[in-house]
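Student: Per this note's numbering, the sequence shown starts with residue 12, numbered consecutively. I have a structure here, written as structure tokens, and I will follow up with some questions on it.
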Amino acid sequence: MTSALLTDLLKSLGLLGAFLLIGVFFRAKVKAFQKTFIPASVIGGFLLLILGPQCFNVLPVPSEWFSVYSLLPGVLIVPVVAAVPLGLRIGGGKSAGGENASIMKNIIPLIGVGLGVSILQFAVGYGVHAGFGGEGLYDTFGIELGIGFVGGHGTAGTLGNMLSEMNLPYWETAQGVATTTATFGIVGGILIGIALINWAARHGHTALLKKPADIPEPLRVGFEKDITKQASCGRETTMSSSIDTFAFHSALIFVACGLAYMVLKAAKAFSIPVLSSISVWAYGMIVMFIIWGIMCKLKIDYLVDGKVKSKVSSAFTEFAVIAAIASLPIKAVAAYIVPILIMVVLGYIVTTGVLFFFCKRFLKGYWFEQMIGTLGMSTGVFLTGVLLLRICDPELESPALANYSLSYTVTSVIYFALLNMFINLPINLGAGMAAVIALVLGIVCLAAGGIASRVCFGKSFTGNSTAKGVGANGKV
12 MTSALLTDLL
22 KSLGLLGAFL
32 LIGVFFRAKV
42 KAFQKTFIPA
52 SVIGGFLLLI
62 LGPQCFNVLP
72 VPSEWFSVYS
82 LLPGVLIVPV
92 VAAVPLGLRI
102 GGGKSAGGEN
112 ASIMKNIIPL
122 IGVGLGVSIL
132 QFAVGYGVHA
142 GFGGEGLYDT
152 FGIELGIGFV
162 GGHGTAGTLG
172 NMLSEMNLPY
182 WETAQGVATT
192 TATFGIVGGI
202 LIGIALINWA
212 ARHGHTALLK
222 KPADIPEPLR
232 VGFEKDITKQ
242 ASCGRETTMS
252 SSIDTFAFHS
262 ALIFVACGLA
272 YMVLKAAKAF
282 SIPVLSSISV
292 WAYGMIVMFI
302 IWGIMCKLKI
312 DYLVDGKVKS
322 KVSSAFTEFA
332 VIAAIASLPI
342 KAVAAYIVPI
352 LIMVVLGYIV
362 TTGVLFFFCK
372 RFLKGYWFEQ
382 MIGTLGMSTG
392 VFLTGVLLLR
402 ICDPELESPA
412 LANYSLSYTV
422 TSVIYFALLN
432 MFINLPINLG
442 AGMAAVIALV
452 LGIVCLAAGG
462 IASRVCFGKS
472 FTGNSTAKGV
482 GANGKV
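Structural data, given as structure tokens:
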């Protein structure tokens, strides 16, 4: 590694930064982007893709930069995933009242439903692969539906990272297909979510929203002009005279990543079965669980703030997303456009149908609000769910956000733990068997959610039939 290489890397990151800012500008000015809530990183990424060597090649920059961009998501996703356990807290303390205590019982059934629909997306993807007879498709084609929908653009880098580590030649194509499904997911999920909110408001299924909501301007344009209304990034857990708070949280994440690479290197050096084939980001999560556990044991957990951690990892995600889109192998992805479109359409139907049907029957209190948040997560990212939730609960008066946040945390940990298995299934057993296994596991998760609902709410609870009475407004 030379100074010139590092300087070139910094210049290439400068180009990504410039197009991120351009994305912010277009999001604030173009109505179509505002209505679909497309993130600035996605907008900027596609603009850079169009102007780059893959399309019109009008940018006076080295084409090698785009080769770097294709590798960047797989590297940046390691600190993003490793950061997940840091600051993880399950449970929100004592409830203020019996009603809220009952509402909090929705978390376990919601985990079952959210995890079930995530796994069913793998079943749909591999089912489409099997339906095409595998002709002209690479081994793992189909996993991109779950990667793109539940994982989002950032997790496309995880797929590229894992397939690259397995020395599979199609890793870049798979990463591009995952980026494509993620784009379909976030746009389609938001449009479907807004349509459902409007329908639910008119038919009395929303507890707080009585008519279709006007989306606040800050949510549409992407920023808040009023300084007094701008949210805080988190607590300053350290004094800048010693270390900046963001630097402290970044250091913890980088330490976990460094140790993860060391553990993986040792596992490969000693040729330890199974352990030597686990991806580095998975080790990053394990190491971070240990670091966070030690911090809690030493009672220094006050040094970590969840909001600050999220901002650090989110910054990595933004650059991973724009890099993945800018380096999208258009010609390779275009060859799979028909199965991609079929997979995406079926993904919309299964995800929306399963969430609506089971959330209505398993959740007691604010079922629609919790369902719509989970729909956003299941087709985009966590913040997509928050966005949809805020449309039908503008002041966040319901406990839906707390339930959704906790269920998302647990679901994401289990999701990443299972990811390696779902990548290896079609390689070892074929796409058809992978689809069957995913279908069975998805049904098991949904059944577990149903059992949890019965345990939490009793056998007499049969779901939410209307917005009135049990379940719709949170009151018994």
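Even glycine gets a Cβ: it sits at the ideal position worked out from N, Cα and C.
1. Could you tell me how far apart the beta carbons of Thr192 and Pro340 are, in whole angstroms, since I believe they sit closer than 8 angstroms?
2. Ignore the nearest five residues each way along the sequence and tell me which others in Ile425's own chain have a CB closer than 7 angstroms to its CB.
3. Trp210: which of Cys403, Ile462, Asp312 sits nearest, CA to CA?
4. Let me know the secondary structure DSSP gives Gly108 once reduced to three states.
5. Return the CA-CA distance between Ser14 and Leu32, expressed in angstroms with no decimal places.
6. In terms of residues, what are the limits of the alpha helix (DSSP H) holding Asp19?
7. Short check: CB of Leu62 to CB of Val53, under 8 angstroms?
8. Considering only C-alpha positions, which residue in the set Ala442, Arg213, Pro229 is nearest to Lys240?
9. Using a 10 Å radius around the Cβ and a threshold of 16 neighbouring Cβ atoms, would you call Val349 buried or exposed?
10. Verify whether the separation of the beta carbon atoms of Asp316 and Gly85 is less than 8 angstroms.
11. Of the choices Ile301, Pro437, Val298, Val274, whose alpha-carbon is the least far from that of Ser288?
12. Would the stretch 277-294 count as touching the stretch 86-93 if we require 3 or more Cβ pairs under 8 angstroms?
13. Is the beta carbon of Thr385 less than 8 angstroms from the beta carbon of Leu121?
14. How would you write the range of the alpha helix (DSSP H) that Leu450 sits in, first residue to last?
15. From Ile197 to Ile203, what does the alpha carbon distance come to, in whole angstroms?
16. Leaving aside the five residues before and after Cys66 along the sequence, list all residues of the same chain whose C-beta is less than 8 angstroms from its C-beta, in chain order.
17. Between Ala93, Val41, Phe77, which has its C-alpha nearest Ile301's C-alpha?
18. Between Thr47, Gly460, Val79, which has its C-alpha nearest Leu374's C-alpha?
19. Nearest to Glu380 by alpha carbon, out of Met354, Thr420, Ala413, Gly364?
20. Pairs of beta-carbons, one from the stretch 444-461 and one from the stretch 128-138, closer than 8 angstroms: are there three or more?
21. In angstroms, rounded to a whole number, what distance separates the CA positions of Thr390 and Ser252?
22. What is the rounded straight-line gap between the Cα of Ala346 and the Cα of Leu24?
23. Would you report the Cα separation of Lys22 and Phe36, rounded to the nearest angstrom?
24. For Phe195, which of helix, strand or coil comes out of DSSP?
25. CA-CA distance, Leu9 and Ser464?
26. What does the alpha-carbon distance come out to for the pair Ile208 and Ile383?
27. Can you give the Cα-Cα distance for Arg38 and Lys322, rounded to whole angstroms?
28. Skipping 5 residues on each side, what residues in its chain have a beta carbon closer than 7 angstroms to that of Phe369?
Tutor: Let's see:
1. Reading the sequence shown from its first residue, position 181 is the one you call residue 192. Reading the sequence shown from its first residue, position 329 is the one you call residue 340. About 14 angstroms separates the two Cβ atoms, so there is no contact after all.
2. Counting from one through the sequence shown, the residue named residue 425 turns up at place 414. Excluding residues up to 5 positions away in sequence, Leu126 lie with their Cβ nearer than 7 angstroms to the Cβ of Ile425 in the same chain.
3. Residue numbering aside, residue 210 sits at position 199 when the sequence shown is read from its first letter. It is Cys403.
4. Your numbering for residue 108 matches position 97 in the sequence shown. At Gly108 the pLDDT is 43, less than 50, meaning the model places this residue with poor confidence; the figure from the coordinates comes in the next sentence. Secondary structure at Gly108: coil, using DSSP grouped into helix, strand and coil.
5. The count along the sequence shown starts at 1 and reaches residue 14 at position 3. The count along the sequence shown starts at 1 and reaches residue 32 at position 21. About 27 angstroms.
6. In the sequence shown, residue 19 corresponds to position 8, counting from 1. Unbroken alpha helix (DSSP H) run through Asp19: 14-40.
7. Here the question's residue 62 lines up with position 51 in the sequence shown. Here the question's residue 53 lines up with position 42 in the sequence shown. Taking 8 angstroms as the Cβ cut-off, Leu62 and Val53 do not qualify as a contacting pair.
8. On the sequence shown, residue 240 is found 229 positions in, with the first residue counted as 1. Selected option, being the one with the closest Cα: Pro229.
9. Sequence index remark: in the sequence shown, residue 349 carries index 338 (1-based). By the beta-carbon neighbour count (other beta carbons within 10 angstroms, threshold 16), Val349 is exposed.
10. In the sequence shown, the residue the question calls residue 316 occupies position 305. In the sequence shown, the residue the question calls residue 85 occupies position 74. Contact: no.
11. Within the sequence shown, the letter at position 277 stands for residue 288. Among Ile301, Pro437, Val298, Val274, the Cα nearest to that of Ser288 is on Val274.
12. yes
13. Indexing the sequence shown from 1 puts residue 385 at position 374. Indexing the sequence shown from 1 puts residue 121 at position 110. Going by C-beta atoms, Thr385 is nearer than 8 angstroms to Leu121.
14. Stepping through the sequence shown from its first residue, residue 450 is reached at position 439. Segment 442-468, the alpha helix (DSSP H) holding Leu450.
15. As a first step, residue 197 must be located in the sequence shown, where it is residue number 186. As a first step, residue 203 must be located in the sequence shown, where it is residue number 192. Distance between the alpha carbons of Ile197 and Ile203: 10 angstroms.
16. Taking the first residue of the sequence shown as position 1, residue 66 is located at position 55. Excluding sequence neighbours, Cys66 sits near Leu60, Ile341.
17. Working through the sequence shown from its first residue, we reach residue 301 at position 290. Each of Ala93, Val41, Phe77 was checked against the Cα of Ile301, and the nearest Cα belongs to Ala93.
18. Counting from 1 along the sequence shown, the entry for residue 374 is found at position 363. When each option's Cα is compared against that of Leu374, the closest is Gly460.
19. Residue mapping note: residue 380 aligns to position 369 of the sequence shown, counting from 1. The shortest C-alpha separation from Glu380 is found at Ala413.
20. yes
21. Position 379 of the sequence shown holds residue 390. Position 241 of the sequence shown holds residue 252. Cα to Cα, Thr390 sits roughly 43 angstroms from Ser252.
22. Taking the first residue of the sequence shown as position 1, residue 346 is located at position 335. Taking the first residue of the sequence shown as position 1, residue 24 is located at position 13. Taking the straight line joining both Cα atoms gives about 30 angstroms.
23. Within the sequence shown, residue 22 is the residue found at index 11, counting from 1. Within the sequence shown, residue 36 is the residue found at index 25, counting from 1. C-alpha separation (whole angstroms): 21 angstroms.
24. Taking the first residue of the sequence shown as 1, we reach residue 195 at position 184. In the structure shown, Phe195 sits in a helix (DSSP, three-state: H, G or I).
25. No information on residue 9 is available, as it lies outside the stretch 12 to 487 that the chain covers here.
26. For this step, residue 208 is matched to residue 197 along the sequence shown. For this step, residue 383 is matched to residue 372 along the sequence shown. About 8 angstroms.
27. Within the sequence shown, numbered from 1, the residue matching residue 38 stands at position 27. Within the sequence shown, numbered from 1, the residue matching residue 322 stands at position 311. Going by the C-alpha atoms only, they are around 20 angstroms apart.
28. Numbered from 1 along the sequence shown, position 358 holds the residue referred to as residue 369. These residues qualify, in order along the chain: Val124, Leu457, Gly460.
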